[in-house]
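> First residue of the sequence shown? That's 130 in our numbering, and the numbers climb one at a time after it. Backbone N, C-alpha and C fix where the C-beta goes; we use that ideal spot for every residue, glycine too.
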Amino acid sequence: MFVEGDLGGSQRLGAIAHGLDLPGKVARALLLGRRGLLERNTFVRYTDAVLAKVVAEGFNSKDGARSLKRWLEDNIGSLLVDTLTRSQAASMRILWLHVAGQLKIHEQALREADPIPE
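1) Between Glu236, Glu241, Ile245 and Glu247, which has its C-alpha nearest Arg174's C-alpha?
2) With a CB to CB cut of under 7 Å and the five nearest residues on each side skipped, what residues in its chain are close to Ala185?
3) What did DSSP end up calling Gly230 once you bin it into helix, strand or coil?
4) What distance in whole Å lies between the Cβ atoms of Ala242 and Arg222, which are believed to be in contact at a cut-off of 8 Å?
5) Looking only at C-alpha atoms, which of Gly187, Ala181 and Ile245 sits nearest to Asp203?
6) Can you have a look at Lys182 and say buried or exposed, based on whether 16 or more other CB atoms are within 10 angstroms of its CB?
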């Protein structure tokens, strides 16, 4: 999980992340850690192509994680909200993010399995 704080001097996330997959790690944490989704038993999964798109289009070394967070809220957050408001209620669901020219969501409602008879 990324924690904002003083990075010291004029260093930026991009400089610290040189040679690391830090933008990808930050994007993963932001994609999976949305409290509102978890409280509603909604789990988000994504393909590698989604992660690549998020980092390519959302990461700006000048702004660091802030740019990723903004991009995710503007692009994926709004897509998730649109999907959830249009769909029927489910006790549990998985939202699969994938790229098909643009970002798309496949929704899968889940139900608890029946108990195994003794």
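Working from what's here:
1) Glu236
2) none
3) coil
4) At roughly 15 Å, the Cβ-Cβ gap does not stay under 8 Å, so Arg222 and Ala242 are not in contact.
5) Gly187
6) buried
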